[in-house]
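Numbering (the UniProt record's numbering), first residue to last: 1 to 65.
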């Protein structure tokens with residue numbers, strides 16, 4: 001039986017924390033930054049956690065389920 005492959009896109013975008021939660025980066029931080037406030041850009045710098053509604057589908061893509 002062949003091994004199942006993880007989705008390459010998900011592999012690049014998400015990381016698991018020590019407690020098993022899924023970490024993600026914020027969007028809107030790559031270009032057109034001049035019109036965005038310093039406060040907004042700083043808030044987008046910090047990584048966040050994936051919403052509970054999306055956890056199952058991401059775990060499936062990462063083959064954790």
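Beta carbons are placed, not taken as given, at the ideal position from N, Cα and C, and that holds for glycine.
Remember, predicted model here, so these are calculated numbers, not experimental data.
Just to confirm the assignment, what range does the alpha helix (DSSP H) spanning residue i have?
i	result
residue 23	Residue 23 -> not in any alpha helix (DSSP H); beta strand (DSSP E) instead, spanning 22 to 24.
residue 44	38 to 45
residue 12	8 to 13
In angstroms with no decimal places, state the Cα-to-Cα distance between residue i and residue j.
i	j	result
residue 24	residue 54	12 Å
residue 13	residue 59	12 Å
residue 31	residue 45	13 Å
residue 8	residue 36	31 Å
residue 56	residue 6	14 Å
residue 38	residue 51	25 Å
My guess is that residue i and residue j are in contact by the Cβ rule of under 8 Å, so how many angstroms apart are they, rounded?
i	j	result
residue 33	residue 41	6 Å
residue 11	residue 49	The pair is not a contact, with the Cβ atoms about 18 Å apart (cut-off 8 Å).
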